[in-house]
Structures are given as structure tokens and as C-alpha cells.
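Residue numbers (this note's numbering): 261 to 364. Ideal Cβ placement from N, Cα and C applies to all residues, glycine included. A quick note: this is a predicted structure, and the numbers were derived from the prediction, not measured.
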């Protein structure tokens with residue numbers, strides 16, 4: 261028996277430090293607008309791998325944090341000025357969870 265499988269583009273993106281996504285891809289995969297992503301970069305909460313380049317690229321691992329931030333934005337009507345702090349906390353939690361997994 262064969263099932264149709266609908267796999268989103270994001271399922272094909274490796275979510276690690278070695279793979280990169282462009283700003284446009286991050287907006288599509290993460291669910292935030294380009295303006296919101298620029299705000300995060302301007303506040304230092306989201307750091308491009310190539311900050312001086314004309315076209316920014318980011319480690320693909322940040323897609324999960326951006327998706328979570330997007331969901332929190334929708335669920336709790338987060339104001340744009342709370343984005344940076346929320347993203348910093350999400351990234352810190354992600355790193356602590358990774359450390360915990362390594363220790364197990």
C-alpha cells in the first residue's frame with residue numbers, strides 16, 4: 261500500500277551550523293517577515309554569518325527558533341520590540357538542550 265507523502269521544503273533543509281539559508285529563505289521557512297528579521301538583526305538577536313555582505317546568510321539551525329518565535333508572536337500577539345529578547349531566550353534554551361543531550 262502506497263501513501264502520498266507531503267514533505268515541505270523545510271524538511272529538506274539540514275538544521276545545523278554547517279548549512280546556511282538566505283534571508284528570504286529564513287523568512288519563508290521561519291514565518292516572519294523580512295522587516296521582522298531585519299529588526300532582529302538590527303537588535304543583535306539574529307546574527308548573519310556574513311554581516312558585511314550585501315546578501316545575508318544564516319546558519320540553518322536558527323530556523324527552529326525563528327519558527328517558535330513566529331508561533332509565539334501569533335499565539336501571544338508579541339510586540340516587535342519583544343522579538344529580540346524572546347529570540348535570545350529561545351537560542352539559549354536550544355543551546356542548553358544540546359549540552360544536556362551531549363551529557364546523557
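Residue 315 counts as exposed, since fewer than 16 other C-beta atoms from the protein chains shown sit within 10 angstroms of its C-beta.
Residue nearest to residue 326 within the set 310, 294, 357 is 294 (criterion: CA-CA distance). Restricting attention to 292, 305, 304, the CA atom closest to the CA of residue 331 is found in 292.
Check the Cα spacing between residue 303 and each of 340, 312, 284: the tightest is with 340.
In this structure, the beta-carbon distance from residue 318 to residue 280 falls below 9 Å. When secondary structure is reduced to three states using DSSP, residue 357 falls in the helix class. Rounded to the nearest whole angstrom, the CA to CA distance from residue 305 to residue 288 is 19 Å. Here the alpha carbons of residue 290 and residue 307 stand approximately 15 Å from one another.
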